[in-house]
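Note that full-length UniProt numbering has the sequence shown beginning at 1, numbered continuously upward. Virtual Cβ for every residue (Gly too), placed ideally from N, Cα, C. Just below is one structure, and these are the notes that go with it.
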Amino acid sequence: MWQAEVRVDLDAIRANVTRLRSGTSAELMAVVKGDGYGHGMVPSARAALDAGADWLGVCTLDEALTLRRAGITVPVLAWLLDPGLPLHEGVAAGVDLAAASLSQLDEMVAAGRAADRPARLHLKIDTGLSRGGATVADWPTLLEAAAKAQADGLVEVVGVWSHFVYADSPGHPTTDRQLAVFHEGLAMVDRAGLRPRYRHLANSAATLTRPDTHFDLVRPGIAVYGLSPIAGQQFGLRRAMTARARVMLTKRVPAGTGVSYGHTYTTEGEANLAVVPLGYADGVPRHASNVGPVQLGGKRRTISGRVCMDQFVLDCGADEVAAGDVATLFGSGDDGMPTADDWAEAVGTINYEIVTRFGGVRVPRIYDGERP
Ligand SMILES: *Cc1c(COP(=O)(O)O)cnc(C)c1O
């Protein structure tokens with residue numbers, strides 16, 4: 001028995017990785033940060049590897065070590081590393097680390113010493129996002145220090161990389177500018193005497209639309225889970241996550257009945273109200289109040305009134321909807337079912353945030369498709 005569940009179709013993840021692989025000759029890093037964008041990190045990673053992903057990408061050291069503890073041995077890159085972390089544990093576990101500053105490089109040299117093997121590094125250049133990465137001005141100094149550490153056998157520079165600002169807007173001039181800066185950065189890498197095996201830049205959007213940015217490795221995240229980074233274009237991807245719940249209670253109320261906190265919704269006619277046991281504690285955005293789409297009884301409906309912590313209400317009008325019926329918030333999009341894209345549009349966010357929110361502990365995550 002279940003009252004609410006998030007279903008994840010591992011075969012869809014496999015199909016998406018196959019689709020992404022077919023569009024590139026580069027190696028493929030499936031990005032599984034954020035608990036696999038809410039889909040479950042380890043099962044998502046295994047499905048992606050099953051379909052031929054070569055690498056896994058995560059943010060934190062802890063995510064990388066969790067993959068290793070699960071027995072996953074493929075190359076893993078971790079790129080969000082605060083000062084003072086036990087990086088030697090990552091080095092000992094064969095986790096590749098992203099470095100963007102001299103102090104990070106120093107920590108990675110020390111981690112290599114502690115682990116008794118050189119840290120494998122991916123040097124990051126900031127080509128315009130102004131988030132991670134060394135500025136172009138600081139890049140030569142970082143390269144020089146990294147080249148020296150490599151010559152001393154203290155680190156191994158495996159990769160050079162950067163991240164896009166605007167790849168989700170095809171044709172945006174910022175993408176071309178960033179690509180040009182990346183090429184300049186690579187020329188400096190060459191002049192510093194470094195010959196990293198992997199140059200990488202492309203997220204999902206660039207993997208799908210800009211083959212000239214693929215270099216040696218692409219890093220798709222959202223597309224692995226079947227969601228498009230570019231609104232309105234699906235690229236043959238299959239959405240992997242479905243969020244649904246069984247109606248807890250229905251009741252008939254007269255016209256003019258205020259519904260949920262603050263009575264921001266009032267029934268127009270006599271109505272059959274359905275109470276659905278999912279709320280903002282489970283990932284339903286409170287901004288979905290009066291706008292979130294839900295499929296119930298073969299029809300697409302809209303949340304009536306405020307989303308509460310644990311539940312929301314649907315005005316089903318005269319329709320015969322009963323307790324136990326399945327209300328689908330989003331899923332594949334087949335048969336008129338709403339999608340994470342519809343939810344993103346309704347609440348003014350991106351599909352990434354919708355699925356990632358549904359990674360909580362209260363709602364069980366059920367896997368469909370073959371378990372690798
Ligand atoms: C999250 C992330 C990705 C994947 O981005 P998508 O848009 O989900 O494909 C790639 N690279 C870096 C550095 C990231 O942080």
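Judged by DSSP secondary structure, Thr-356 falls within the alpha helix (DSSP H) whose first and last residues are 351–357. Only residues of its own chain outside the window of five on either side were considered, and among them Ile-350, Asn-351 and Ile-354 have a CB closer than 6 Å to the CB of Ala-344, listed in chain order. Leu-296 has its alpha-carbon roughly 12 Å from the corresponding atom of Thr-250. Of the heavy atoms belonging to ligand 1, at least one sits nearer than 7 Å to the Cβ of Trp-79.
At least one heavy atom of ligand 1 lies closer than 7 Å to the C-beta of Val-31. At the C-beta level, Ala-274 and Val-218 stay beyond 8 Å of one another. Shown here for Asp-96: same chain residues with a beta carbon closer than 8 Å to its own, the five before and five after excluded, namely Pro-75, Val-76, Leu-77, Ala-78, Arg-120, Leu-121, His-122, Val-158 and Gly-159 in chain order. Excluding sequence positions up to five before and after Arg-286, its CB lies within less than 8 Å of the CB of Tyr-280, Arg-306 and Val-307, all in the same chain and listed in chain order. The C-beta of His-39 has 16 or more other C-beta atoms within 10 Å across all chains shown, which makes the residue buried.
Val-58 has its alpha-carbon roughly 9 Å from the corresponding atom of Leu-67. Residue environment analysis places Arg-46 among the buried positions, since at least 16 neighbouring C-beta atoms fall within 10 angstroms of its C-beta. The C-beta distance from Ala-146 to Leu-194 rounds to 7 Å, short enough to meet the 8 Å contact threshold.
Listed in chain order, the beta strand (DSSP E) runs fully inside the segment 252–288 are 271–276, counting runs of at least 3 residues. The segment 193–210 makes contact with the segment 156–176: 3 or more CB pairs, one atom from each, lie closer than 8 Å. DSSP, read as helix, strand or coil, puts Trp-79 in coil. Secondary structure note for Tyr-198: it is in no alpha helix (DSSP H), and the uninterrupted beta strand (DSSP E) holding it is 198–202.
For the pair Leu-227 and Ala-340, the CB atoms are nearer than the 8 Å cut-off. Note on geometry: alpha-carbon atoms of Leu-142 and Arg-301 lie some 55 Å from one another. Look at the segment 101–175 and you find these whole runs of beta strand (DSSP E), each 3 residues long or longer: 119–124 and 155–161. Listed in chain order, the non-local C-beta contacts of Asp-126 below 8 Å within the same chain comprise Ala-100, Gly-132, Gly-133, Ala-134, Thr-135, Val-136 and Ser-162, local neighbours out to five positions each way being set aside.
The bridge partners DSSP lists for Ile-366 are Arg-7. Pairing Tyr-198 with Asp-176 gives a Cβ-Cβ distance that is not under 8 Å.
Of the residues assessed, Gly-258 falls on the exposed side of the cut-off, its CB having fewer than 16 other CB atoms within 10 angstroms. Within the same chain, and ignoring the five residues on either side of Val-291 in sequence, the residues whose Cβ sits closer than 8 Å to its Cβ are Thr-302, Ile-303, Ala-346 and Val-347. Short of 8 Å from the beta carbon of Gly-52, and not among the five residues preceding or following it, lie these beta carbons of its own chain, in chain order: Val-17, Thr-18, Arg-21 and Leu-28. Here DSSP, grouped into helix, strand and coil, assigns Pro-293 to strand. Distance from the CA atom of Gln-104 to the CA atom of Ala-231, rounded to whole angstroms, is 37 Å.
Nearest neighbour of His-200 by Cα position, chosen from Ala-4, Lys-124, Asp-62 and Pro-338, turns out to be Lys-124. Buried is the label assigned to Ala-12, since at least 16 other Cβ atoms lie within 10 Å of its Cβ. Under the criterion of beta carbons closer than 8 Å, Gly-34 and Thr-356 qualify as touching, at roughly 5 Å. Annotation for Ala-92: the continuous alpha helix (DSSP H) segment containing it runs 87–92. Here Val-363 is buried. Its C-beta has 16 or more other C-beta atoms within 10 Å. Under the three-state reduction of DSSP output, Phe-182 falls in the helix class.
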